[in-house]
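Residue numbers (numbering that gives the first Met the number 0): 0 to 363.
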Amino acid sequence: MSFKDRYSQFRQWQRQPFDYHDSHDHHGCCNCGAESDNNYCPRCGQKAAYGPITWHSVWQGVMDVWGVGTRSLPYTLWQLLWRPGYLIRDYISGKRQVSFPPVKMLVVMAVLVVLVYGLLGMGFEAEVDEETGKNAVQDFLMGDFYNWMENHIHWAVLVSFSMFIVPVWFLFRSAPRLPRHTLPQGFFVQVFIGVQFLLYMLLVTLVFYLIPSLSRNGDEAAGFMVMVVLPLMLWCDYKQLFGYGWWGTLWRIVASVFLAITVAKLLVYISGTFYGMIARDGSLSVRYVLAFVNHLVLLWVALEAVMLVNTKPWREGVAWPRLLWRPLVAAAALSLTTVVCEQLGIENSMSNIIKSMQTMFLPE
Ligand SMILES: [Zn+2]
0 MSFKDRYSQF RQWQRQPFDY HDSHDHHGCC NCGAESDNNY CPRCGQKAAY GPITWHSVWQ
60 GVMDVWGVGT RSLPYTLWQL LWRPGYLIRD YISGKRQVSF PPVKMLVVMA VLVVLVYGLL
120 GMGFEAEVDE ETGKNAVQDF LMGDFYNWME NHIHWAVLVS FSMFIVPVWF LFRSAPRLPR
180 HTLPQGFFVQ VFIGVQFLLY MLLVTLVFYL IPSLSRNGDE AAGFMVMVVL PLMLWCDYKQ
240 LFGYGWWGTL WRIVASVFLA ITVAKLLVYI SGTFYGMIAR DGSLSVRYVL AFVNHLVLLW
300 VALEAVMLVN TKPWREGVAW PRLLWRPLVA AAALSLTTVV CEQLGIENSM SNIIKSMQTM
360 FLPE
């Protein structure tokens, strides 16, 4: 078979891996005795494939731990490697049987990751502040949050990817292959991506462990994972799932990451405001409120820009004053709040963006 044939066969499998058909032999049910030609008994629901107990049943019984047949955990993970976007679309459009139950899968994968990390002796070396004994990352709030995340990896993955539900829903609303997807569907999209993230993290970690010249510190593998593997993974997922082209998928992913980070920051500032009030440090609260307003306006600017590109009103000949007045007002509000924050020495969206650009692209 030529390479081209193999590839088209692979593409065929990616789109439609399961072939459902009746067994078409007349049999009596082993459980209730009802006669039928179906794969499942019409009276009691037991599988026709279950005969009397044999050595094969022992194998089936043991494998039941991982789920059996089309929805087994290993086969679902295999699908997440080779047809992730198609699998997710199958599942959320009603084909539940194609997959192991996704939330359960996330928990099992998290347990597996923790186990493997324990076995390999690879841990994340959290930077702990010597005085307080807390995580030294960023500010006091995030430190507590990171500590919690490292101890509850499945919830951490779910919480992190949950930040993407609303941005992805907003950006991919008019997707060619999955128009008008709902927020509950978006939840399952992120659960699947979370599982896939843990799967790749496991593979990347193993590679880092097996190649001696690479660092065995879990942080290095995690860094490679987030900076290289995760963007490629999302690019393939969303292209297969929503059906935009490579470029249309790319800019929407970048925009969704940006929106998700801004939303997460907003949540941090809201909790920071309350934390400040509880700590009876009024000045702290005011700082968080100002930072919150600044980021809210940044979100507004971003949404205006996305709506402009997504709906393309200039194609319908809309005049430019009507096209641009809202984005321009938003940009003016952003400049104003940024200047105020700068003057008062408060963390603001622009200084944050410049800072993260510097850490990303400039050597230390
Ligand atoms: Zn039966």
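Ideal Cβ positions, reconstructed from N, Cα and C, are used throughout, including at glycine. Nothing here was measured: the structure is a model prediction, and the numbers come from that model.
If you draw a straight line from the Cα of LEU297 to the Cα of TYR243, it is about 26 Å long. Beyond the five residues adjoining it in sequence on each side, MET104 comes within less than 6 Å, by CB distance, of VAL194 in the same chain, given in chain order. The alpha carbon of PHE223 has as its nearest neighbour, out of GLN45, LEU205, ARG321, PRO73, the alpha carbon of LEU205.
The beta carbon of GLY93 sits closer than 7 Å to no other beta carbon from its chain once the five residues preceding and following it are set aside. In this structure PHE99 is in contact with LEU72, their Cβ atoms being roughly 5 Å apart against a cut-off of 8 Å. When DSSP states are grouped into helix, strand and coil, HIS294 belongs to the helix group. Look at HIS26 here: in three-state DSSP terms it is strand.
Here HIS153 is not near TRP168, since their CB atoms are 8 Å or more apart. Any heavy atom of ligand 1 counts here; residues with a Cβ closer than 6 Å to one of them, in chain order, are CYS28, ASN30, CYS31, ALA33, CYS40, ARG42, CYS43, GLN45. With 16 or more other Cβ atoms from the protein chains shown falling within 10 Å of its own Cβ, GLY185 counts as buried. Using a 10 angstroms sphere on the CB of PRO83, the tally of other CB atoms reaches 16 or more, which defines it as buried.
Secondary structure in the stretch 164-214: the alpha helix (DSSP H) runs of 4 residues or longer, each lying completely within the stretch, are 164-170, 182-209 in chain order. Straight-line measurement puts the Cα of LEU76 at about 18 Å from the Cα of LEU114. Separation of ILE87 and PHE171 (C-alpha to C-alpha, rounded to the nearest whole angstrom) is 15 Å.
Between ASN30 and GLY50, the alpha-carbon positions lie close to 9 Å from each other.
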